[in-house]
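What follows is one structure encoded as structure tokens, with my remarks underneath.
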Amino acid sequence: MIPPDSTVPPAAGREPGAPPPRRAADLLRALRVRNFALFWTGQLISGTGTWMQMVAMAWLVLDISGSAAVLGLVTTMQFLPLLMFVLPAGVLADRLPKRRIMLAAQALATVQALLLGFLALSGSPQIWQLALLAFTLGVSNAFNNPAQQAFVPEMVGPTLVPDAVAMNSVQFNSGRMIGFALGGLVVAHFSAAAVFFINAASFTAALGALLALRSGELRVSRVRPARHGALREGLRYVTHTPAVLFVLGALAVVGTFGYNWPVAAPLLARDVLNVESVGFGALMSAFGAGSLVAGVGLVVIGGSNDRRMITSGGALALILILLGISRSYPVSLGLMVLAGLSGTVFTTTVNTRLQGLAPDRLRGRVMSLFVLLLAGTTPFGSALLGFGAEAFGVSATIIGFGVITLAGLAGLLVLRARKDRAVPRGAVPARRRRGRRRT
Numbered sequence: 158m159i160p161p162d163s164t165v166p167p168a169a170g171r172e173p174g175a176p177p178p179r180r181a182a183d184l185l186r187a188l189r190v191r192n193f194a195l196f197w198t199g200q201l202i203s204g205t206g207t208w209m210q211m212v213a214m215a216w217l218v219l220d221i222s223g224s225a226a227v228l229g230l231v232t233t234m235q236f237l238p239l240l241m242f243v244l245p246a247g248v249l250a251d252r253l254p255k256r257r258i259m260l261a262a263q264a265l266a267t268v269q270a271l272l273l274g275f276l277a278l279s280g281s282p283q284i285w286q287l288a289l290l291a292f293t294l295g296v297s298n299a300f301n302n303p304a305q306q307a308f309v310p311e312m313v314g315p316t317l318v319p320d321a322v323a324m325n326s327v328q329f330n331s332g333r334m335i336g337f338a339l340g341g342l343v344v345a346h347f348s349a350a351a352v353f354f355i356n357a358a359s360f361t362a363a364l365g366a367l368l369a370l371r372s373g374e375l376r377v378s379r380v381r382p383a384r385h386g387a388l389r390e391g392l393r394y395v396t397h398t399p400a401v402l403f404v405l406g407a408l409a410v411v412g413t414f415g416y417n418w419p420v421a422a423p424l425l426a427r428d429v430l431n432v433e434s435v436g437f438g439a440l441m442s443a444f445g446a447g448s449l450v451a452g453v454g455l456v457v458i459g460g461s462n463d464r465r466m467i468t469s470g471g472a473l474a475l476i477l478i479l480l481g482i483s484r485s486y487p488v489s490l491g492l493m494v495l496a497g498l499s500g501t502v503f504t505t506t507v508n509t510r511l512q513g514l515a516p517d518r519l520r521g522r523v524m525s526l527f528v529l530l531l532a533g534t535t536p537f538g539s540a541l542l543g544f545g546a547e548a549f550g551v552s553a554t555i556i557g558f559g560v561i562t563l564a565g566l567a568g569l570l571v572l573r574a575r576k577d578r579a580v581p582r583g584a585v586p587a588r589r590r591r592g593r594r595r596t
């Protein structure tokens with residue numbers, strides 16, 4: 158990704174927006190920034206605990222209810238606040254200090270994990286209580302995630318944003334791989350309550366890292382949105398910028414139908430592959446391993462483009478179809494590795510594209526749409542997957558979601574091709590114009 162205001166022409170033979178080839182010494186340069194290294198480490202520890210909790214929560218809900226539909230509804234409750242609050246949270250991230258927002262949100266998540274631990278320890282948690290606490294975690298994520306996405310350039314500056322986004326992907330997926338494996342083991346050998354308490358303790362690392370950042374080294378944008386019409390301004394920018402709209406359209410398709418692993422994986426483990434919580438943790442660790450490989454690969458390769466985004470999204474859809482067909486646990490483990498790889502290439506490419514396209518003054522609002530369409534669509538997808546699994550079976554529903562994802566991405570390509578053909582001869586399609594922004 159080239160920083161938004163860059164006017165440096167690409168080298169011959171290289172796609173516009175692609176960075177020059179990297180040396181080995183360049184790969185970890187974002188971690189040489191003290192603030193980012195602290196933030197990255199804290200989020201790695203905290204993220205590992207959060208992924209452990211996701212395993213424990215899913216297994217606890219299934220253990221109590223025995224219902225795919227109930228699991229889908231509880232997962233919906235966790236992601237529903239993103240749908241409700243993430244766009245106003247993006248405005249807030251452009252208006253208030255982002256670190257202050259993250260401190261408040263992650264403190265709320267700590268309290269939520271402690272309450273889950275005490276509730277599970279009591280031995281008689283009710284589904285409505287778990288759903289309420291899932292909703293509380295969703296509120297924390299709704300305010301934390303846009304601020305966290307928009308905070309990256311403030312820590313590292315515009316030239317290191319691609320490296321920082323790729324390193325965040327490595328951190329995120331390392332935590333996912335380790336967290337899912339540990340979560341399954343701790344649930345199997347101890348209890349879900351132990352996982353929740355471990356997650357609460359892990360937040361001390363994230364909160365401590367945020368408090369330890371040096372304010373004087375942050376590159377804080379001094380531009381603040383107007384009090385009235387700030388959200389409308391962000392949405393108008395998106396709808397009038399075809400390149401951004403295309404990226405967000407692809408994210409909406411994949412986020413709704415291709416990225417429902419919190420519901421799909423435990424159902425596959427229990428109802429199709431007949432493995433217990435350790436097997437479920439292994440499936441998700443395989444997903445995390447593929448994600449980690451992808452994250453490291455993207456650090457090495459750098460850059461981002463629409464072709465990579467669509468190809469990786471299409472690959473994820475095909476893997477979903479194959480997972481629905483598979484009845485072999487080893488084959489499914491291999492497919493989960495590929496799912497993690499393709500899914501991470503897709504989401505990281507989308508993130509990098511949006512970070513490069515968004516002007517600084519709108520970054521919080523644009524990245525709130527990224528969070529909304531990646532996670533905020535999950536209430537629809539999770540509920541549909543849960544009810545579809547009850548009505549048509551787990552395998553048929555997962556295959557159907559893969560087909561819909563593939564068809565949706567193909568439809569976006571057809572629409573873009575028609576718009577390009579509609580541009581008068583000699584004119585440059587809006588998505589290919591460089592150096593222009595309409596706000």
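Take the position in the sequence shown, starting the count at 1, then add 157; the result is the number in this note's numbering. Where is the CB? At the ideal position from N, CA and C, for every residue including glycine. Keep in mind it's a predicted model, so treat the numbers as computed, not measured.
Taking residue 359 as the centre and dropping the five residues before and after it, the same chain places the C-beta of 202, 203, 205 and 206 closer than 7 angstroms to its C-beta, in chain order.
With contacts defined as CB atoms closer than 7 angstroms, residue 208 and residue 336 qualify as a contacting pair. DSSP places residue 252 inside the alpha helix (DSSP H), whose first and last residues are 225-252. By the neighbour-count definition (other C-beta atoms within 10 Å, threshold 16), residue 510 is a buried residue.
The region 265-278 and the region 350-364 touch, with no fewer than 3 CB-CB distances between them shorter than 8 angstroms.
For the region 517-564, the full-length alpha helix (DSSP H) segments reaching 4 residues or more read 520-528 and 535-549 along the chain. For residue 261, same chain residues with a beta-carbon under 8 angstroms away, outside a window of 5 residues either side, are 300 in chain order. Under the three-state reduction of DSSP, residue 347 is assigned to coil, being neither helix nor strand.
Residue state for residue 219 is assigned as helix, using DSSP reduced to three classes. Comparing C-alpha distances from residue 553 to each of 520, 252, 484 and 492 shows the shortest one belongs to 484. Residues of the same chain with a CB within less than 7 angstroms of the CB of residue 426, apart from the 5 flanking positions on each side, are 432, 436, 437 and 440 in chain order.
In this structure, residue 233 lies near residue 539, with their beta-carbon atoms less than 7 angstroms apart. Taking the Cα of residue 451 as reference, the smallest distance to any Cα among 397, 330 and 291 is reached at 330.
Boundaries of the alpha helix (DSSP H) around residue 311: 284-313. A direct Cα-to-Cα measurement between residue 475 and residue 282 gives close to 38 angstroms. Listed in chain order, the non-local C-beta contacts of residue 448 below 8 angstroms within the same chain comprise 326, 329, 330, 333, 334, 497, 498, 500 and 501, local neighbours out to five positions each way being set aside. By alpha-carbon distance to residue 392, the top candidate from 573, 192 and 245 is 245. The Cβ atoms of residue 247 and residue 525 sit closer than 7 angstroms to each other. Per the coordinates, the alpha-carbon of residue 239 lies some 17 angstroms from the alpha-carbon of residue 420.
Counting C-beta atoms within 10 angstroms of its own C-beta, residue 564 has fewer than 16 neighbours from the protein chains shown and is therefore classed as exposed. Secondary structure of residue 471 (DSSP, three-state): helix.
A distance below 6 angstroms between beta-carbons, with the five flanking residues on each side excluded, links residue 187 to the following residues of its chain, in chain order: 193, 313, 317, 320, 321 and 324. Within the same chain, 227, 228, 231, 284 and 287 come within 8 angstroms of residue 218 by CB-CB distance, once the 5 residues on both sides are set aside. Taking the CA atoms as reference points, residue 470 sits about 7 angstroms from residue 411.
In the DSSP annotation of this structure, the continuous segment of the alpha helix (DSSP H) that includes residue 277 starts and ends at 255-278.
The DSSP assignment places complete alpha helix (DSSP H) segments of no fewer than 4 residues inside the region 386-416 at 387-396 and 399-414, in order along the chain. Judged by beta-carbon spacing, residue 520 lies within the 7 angstroms limit of residue 307, meaning their Cβ atoms are closer than that value. DSSP, read as helix, strand or coil, puts residue 430 in coil. In the structure shown, residue 362 falls within a helical segment according to DSSP collapsed to helix, strand and coil. The residue among 220, 311 and 200 with its C-alpha nearest the C-alpha of residue 250 is 311. Taking all protein chains shown into account, residue 280 has fewer than 16 neighbouring C-beta atoms within 10 Å of its C-beta and is therefore exposed.
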